[in-house]
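Asks:
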Amino acid sequence: MNEDIQFIIDSTKEAMDAAVRHLEKQFVNIRAGKASPAMLGSVMVDYYGSQTPLSQVANVNTPDGRTISVQPWEKNMLHEIEKAIMIANLGFNPMNNGDMIIINVPPLTEERRRDLAKQAKAESEDGKIGVRNARKEANNDIKKLDDVSEDEKKIAEVEVQKLTDIYVKKIDDVLAVKEKEIMTV
Numbered sequence: 001m002n003e004d005i006q007f008i009i010d011s012t013k014e015a016m017d018a019a020v021r022h023l024e025k026q027f028v029n030i031r032a033g034k035a036s037p038a039m040l041g042s043v044m045v046d047y048y049g050s051q052t053p054l055s056q057v058a059n060v061n062t063p064d065g066r067t068i069s070v071q072p073w074e075k076n077m078l079h080e081i082e083k084a085i086m087i088a089n090l091g092f093n094p095m096n097n098g099d100m101i102i103i104n105v106p107p108l109t110e111e112r113r114r115d116l117a118k119q120a121k122a123e124s125e126d127g128k129i130g131v132r133n134a135r136k137e138a139n140n141d142i143k144k145l146d147d148v149s150e151d152e153k154k155i156a157e158v159e160v161q162k163l164t165d166i167y168v169k170k171i172d173d174v175l176a177v178k179e180k181e182i183m184t185v
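Quick note: the sequence shown uses UniProt numbering, first residue 1, plus one each step.
1. So, is Arg114 buried or exposed, given that buried needs 16 or more other C-beta atoms within 10 angstroms?
2. Cβ atoms of Ile5 and Ile166: under 8 Å apart, would you say?
3. Three-state secondary structure (DSSP) at Ile30?
4. Cβ of Ala19 within 8 Å of Cβ of Gly127?
5. What are the residues that DSSP puts in a beta bridge with Met16?
6. Would you check if the distance between the CB atom of Lys153 and the CB atom of Leu145 is smaller than 8 Å?
7. Might you give, ordered along the chain, the residues of its own chain that have their beta carbon closer than 7 Å to the beta carbon of Gly65, omitting 5 neighbours on each side?
8. Indicate the three-state DSSP secondary structure (helix, strand or coil) for Asp46 in the structure shown.
9. Excluding sequence positions up to five away, which residues of its chain have a Cβ less than 8 Å from the Cβ of Ile37?
10. Between which two residues does the beta strand (DSSP E) containing Asp64 stretch?
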């Protein structure tokens with residue numbers, strides 16, 4: 001196979017891999033009923049006048065499946081962290097015991113589980129769009145090649161389509177696992 005075509009296929013594969021990795025990162029942020037430090041990943045704390053991620057001003061742990069504990073490195077940051085968690089509007093009610101902040105993660109209702117499953121499905125559709133965009137770019141790049149025969153171009157387009165099918169299937173598999181995780185009580 002022509003090395004220009006091989007380069008296009010390799011870079012397309014990288015782009016599709018990136019779409020799947022991005023989807024997996026997005027799925028980490030979708031709560032599935034079990035407490036996780038990643039749930040507080042978007043919380044920004046006012047740390048001496050600058051917005052700083054919570055993970056850079058405190059230890060965030062999950063002692064059990066229903067509790068998140070936040071222990072600040074500086075005691076005077078307790079109130080700021082508590083305020084930042086409330087402002088983040090994650091649906092949590094932080095409790096300050098003077099030493100650390102404890103967040104009880106309530107169990108998900110059936111309706112909330114369905115909403116999260118819909119959110120996961122929407123994220124997977126975004127991932128599929130990323131894969132299809134990579135396919136479109138690859139096909140456009142293949143068509144622009146001058147020193148390649150039409151037959152080689154057709155073979156390369158078929159190869160790109162096979163890659164697309166593989167990555168769409170991967171996205172469907174990742175979604176199925178996440179939906180099962182969300183809907184499991």
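Glycine included, every Cβ here is placed at the ideal spot set by N, Cα and C.
Since we're looking at a predicted model, the values are computed, not measured.
Replies: So, from the data block:
1. Working through the sequence shown from its first residue, we reach residue 114 at position 114. Counting every other CB atom within 10 Å of its CB across the protein chains shown gives Arg114 a total below 16, marking it as exposed.
2. Here residue 166 refers to the residue found at position 166 when the sequence shown is read from its first residue. Here residue 5 refers to the residue found at position 5 when the sequence shown is read from its first residue. With contacts defined as CB atoms closer than 8 Å, Ile166 and Ile5 fail to qualify as a contacting pair.
3. Numbered from its first residue, the sequence shown carries residue 30 at position 30. The answer is coil: DSSP assigns Ile30 none of H, G, I, E or B.
4. Against the sequence shown, residue 19 aligns to sequence position 19. Against the sequence shown, residue 127 aligns to sequence position 127. Contact flag set, yes.
5. For the purposes of this step, residue 16 is taken as the residue at position 16 of the sequence shown. Met16 has no beta-bridge partner at all, per DSSP.
6. By 1-based counting over the sequence shown, the position of residue 153 is 153. By 1-based counting over the sequence shown, the position of residue 145 is 145. Going by C-beta atoms, Lys153 is nearer than 8 Å to Leu145.
7. Position 65 of the sequence shown holds residue 65. Taking Gly65 as the centre and dropping the five residues before and after it, the same chain places the C-beta of Lys34, Ala35 closer than 7 Å to its C-beta, in chain order.
8. In the sequence shown, residue 46 corresponds to position 46, counting from 1. Residue state, collapsed to three classes: strand.
9. On the sequence shown, residue 37 is found 37 positions in, with the first residue counted as 1. In the sequence under discussion, the amino acid at residue 37 is Pro, which differs from the Ile named in the question. Answer for Pro37: Ser55, Val60, Asn61, Thr62, Ile68, listed in chain order.
10. Working through the sequence shown from its first residue, we reach residue 64 at position 64. For Asp64, the enclosing beta strand (DSSP E) begins and ends at 58-64.
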